[in-house]
Amino acid sequence: APATATTGRPASVHALAVIAVRERPLVLTAGADGRPRAFDLREGTPCGPAFTPATTPVQALATTFLDDGPVLVSAGTDGLLNLWDVESGARRGLPLAGHVGGVNALACTTVGERPAVLSCGDDGSLRSWDLATGLPLAPPVQAHQGWATALSCTMTDDGVPLAVTGGQDGAVRLWDLSDPQHIRGYGDPLPAVGGVNALACGAGPDGPLVVSADDGAVRVWSPTAQDAVVSIGVPGAVQSLLACGDRLVLGCEWEIVVLRRVG
6 APATATTGRP ASVHALAVIA VRERPLVLTA GADGRPRAFD LREGTPCGPA FTPATTPVQA
66 LATTFLDDGP VLVSAGTDGL LNLWDVESGA RRGLPLAGHV GGVNALACTT VGERPAVLSC
126 GDDGSLRSWD LATGLPLAPP VQAHQGWATA LSCTMTDDGV PLAVTGGQDG AVRLWDLSDP
186 QHIRGYGDPL PAVGGVNALA CGAGPDGPLV VSADDGAVRV WSPTAQDAVV SIGVPGAVQS
246 LLACGDRLVL GCEWEIVVLR RVG
């Protein structure tokens, strides 16, 4: 089908997330006005419930499923994480508070068989939250000096669940999530060469770790290697990344670049 411009937002979009609800693929958006919105990915049209707006701009979104249905997590400049029922648009419980300053990135995962969301932000901390109870899972760790700007999750070949963070300090750090009550560093930091703008982890233990930094290069690592497998020059600053199978999707200023792995 031809590409369709999805409209219906009166304010700038800062974050996207996708989820399938009753076999209907949705993209969820949020931004400067603080209100999440849902669009049908097949039709490119607004759909779903009317979400209550957050009180401040939204900077990050993540989606997952709990036992009682699909859930959206949003966070923004006020440092709070808000949970939403995707089907009804209603808030789930009270906001999750802990960050000092804005939240820049979210990732949903499983920690010790508990459904969890990880968050990082302007205070440089990495935090984990139990989505079923709304309580912190582990004490926060100081992940970066200055802002923590990017976050993703992956797993090692031998099954160790990892969080990966990037920050203004130019470091990419791996964190062992095996113990739900303690987040521990895993290996040495990876040098990003400049502040980290975005990172993404491919699916599975063999999936690549992809990082973009202020120096304009995109670097691809194995999650447990200290040296980049390849460094790719791109025509502009990369602000967003997606690793999808054998392809990398890059958001470069006003362009979208798709790279395919060969061999």
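Read in order, the letters of the sequence shown correspond to residues 6 to 268 in my numbering. Built from N, CA and C at the ideal position, the CB exists for glycine as well.
Determine the contact status of V122 and L111, defining contact as a CB-CB distance below 8 Å.
For this step, residue 122 is matched to residue 117 along the sequence shown. For this step, residue 111 is matched to residue 106 along the sequence shown. The Cβ-Cβ distance between V122 and L111 falls below 8 Å.
In angstroms, rounded to a whole number, what distance separates the CA positions of G256 and S217?
Working through the sequence shown from its first residue, we reach residue 256 at position 251. Working through the sequence shown from its first residue, we reach residue 217 at position 212. Spanning the two alpha carbons is a distance of roughly 10 Å.
CA-to-CA distance, L101 to D45, given in whole angstroms
Position 40 of the sequence shown, counted from the start, is the residue given in the question as residue 45. Position 96 of the sequence shown, counted from the start, is the residue given in the question as residue 101. If I take the Cα positions, the gap works out to 28 Å.
Within the continuous beta strand (DSSP E) that includes R42, where are the two ends?
Taking the first residue of the sequence shown as 1, we reach residue 42 at position 37. Counting along the chain, the beta strand (DSSP E) containing R42 begins and ends at 42 to 45.
Grab the span of the beta strand (DSSP E) containing V78 for me, first residue to last.
As a first step, residue 78 is located in the sequence shown; it is residue number 73 there, counting from the start. Taken as a continuous stretch (DSSP letters only), the beta strand (DSSP E) holding V78 covers 74 to 81.
Does DSSP put E28 in a helix, a strand or coil?
The sequence position of residue 28 within the sequence shown is 23, counting from 1. Looking at E28 - three-state DSSP - the assignment turns out to be coil, as it is neither helix nor strand.
Quick one: what's got a C-beta closer than 7 Å to A67's C-beta in the same chain, skipping five residues either side?
To locate residue 67, count along the sequence shown from 1; it is residue 62. Excluding positions up to five away in sequence, the list reads A22, V78, L111, A112, C113, V122.
May I ask you to list the residues that DSSP assigns as paired with D251?
Your numbering for residue 251 matches position 246 in the sequence shown. According to DSSP, which records beta bridges pairwise, D251 is partnered with nothing at all.
For my contact list, W152 and A168 are in at a C-beta cut-off of 8 Å; report their separation, rounded to the angstrom.
As a first step, residue 152 must be located in the sequence shown, where it is residue number 147. As a first step, residue 168 must be located in the sequence shown, where it is residue number 163. Between the beta-carbon of W152 and that of A168 there is about 16 Å, and that puts the pair past the 8 Å contact cut.
CA-CA distance, V243 and V254?
The sequence position of residue 243 within the sequence shown is 238, counting from 1. The sequence position of residue 254 within the sequence shown is 249, counting from 1. Roughly 10 Å separates the two Cα atoms.
For V234, which of G241, P240, V223 has the nearest alpha-carbon?
Position 229 of the sequence shown, counted from the first residue, corresponds to residue 234. Measuring from the Cα of V234, the nearest candidate turns out to be V223.
Which two residues bound the contiguous beta strand (DSSP E) that contains S217?
For the purposes of this step, residue 217 is taken as the residue at position 212 of the sequence shown. Element bounds for S217: 214 to 218.
Which term fits V91, buried or exposed, when burial requires 16 or more other beta carbons within 10 angstroms of its beta carbon?
Residue numbering aside, residue 91 sits at position 86 when the sequence shown is read from its first letter. Buried.
Under the three-state DSSP convention, the category W226 falls into:
Taking the first residue of the sequence shown as position 1, residue 226 is located at position 221. DSSP places W226 in strand when its eight states are reduced to three.
Between P75, P166, Q147, which lies nearest to A208 when the distance is taken from Cα to Cα?
The count along the sequence shown starts at 1 and reaches residue 208 at position 203. Looking at the Cα atoms, P166 is the closest of the given residues.
Would you list, in sequence order, the uninterrupted beta strand (DSSP E) runs of no fewer than 3 residues that lie entirely inside the region 50 to 124?
50 to 52, 63 to 71, 74 to 81, 86 to 90, 108 to 116
Distance, Cα to Cα, A265 vs R252?
Here residue 265 refers to the residue found at position 260 of the sequence shown. Here residue 252 refers to the residue found at position 247 of the sequence shown. The sequence given here has Arg at residue 265, not Ala. Those two C-alpha atoms are separated by around 4 Å.
Assuming R97 contacts V76 under a Cβ cut-off of 8 Å, what Cβ separation, rounded to an integer in Å, is found between them?
Numbered from its first residue, the sequence shown carries residue 97 at position 92. Numbered from its first residue, the sequence shown carries residue 76 at position 71. Right, the Cβ-Cβ distance comes to about 7 Å (below 8 Å), so this counts as a contact.
Can you give me the start and stop residues for the beta strand (DSSP E) that Q147 sits inside?
Here residue 147 refers to the residue found at position 142 when the sequence shown is read from its first residue. Per DSSP, Q147 belongs to the beta strand (DSSP E) from 141 to 147.
C-beta contact flag for H104 and G126 at 8 Å:
As a working mapping, residue 104 is identified with position 99 in the sequence shown. As a working mapping, residue 126 is identified with position 121 in the sequence shown. Between H104 and G126, the CB-CB gap stays under 8 Å.
Label H187 either buried or exposed according to how many other C-beta atoms from any shown protein chain fall within 10 Å of its C-beta, with 16 as the threshold for buried.
If you number the sequence shown from 1, residue 187 lands on position 182. Classification of H187: exposed, given that the 10 Å Cβ count is below 16.
Could you tell me the distance, in whole angstroms, from the CA atom of A248 to the CA atom of V215?
On the sequence shown, position 243 is the one that residue 248 refers to. On the sequence shown, position 210 is the one that residue 215 refers to. C-alpha separation (whole angstroms): 8 Å.
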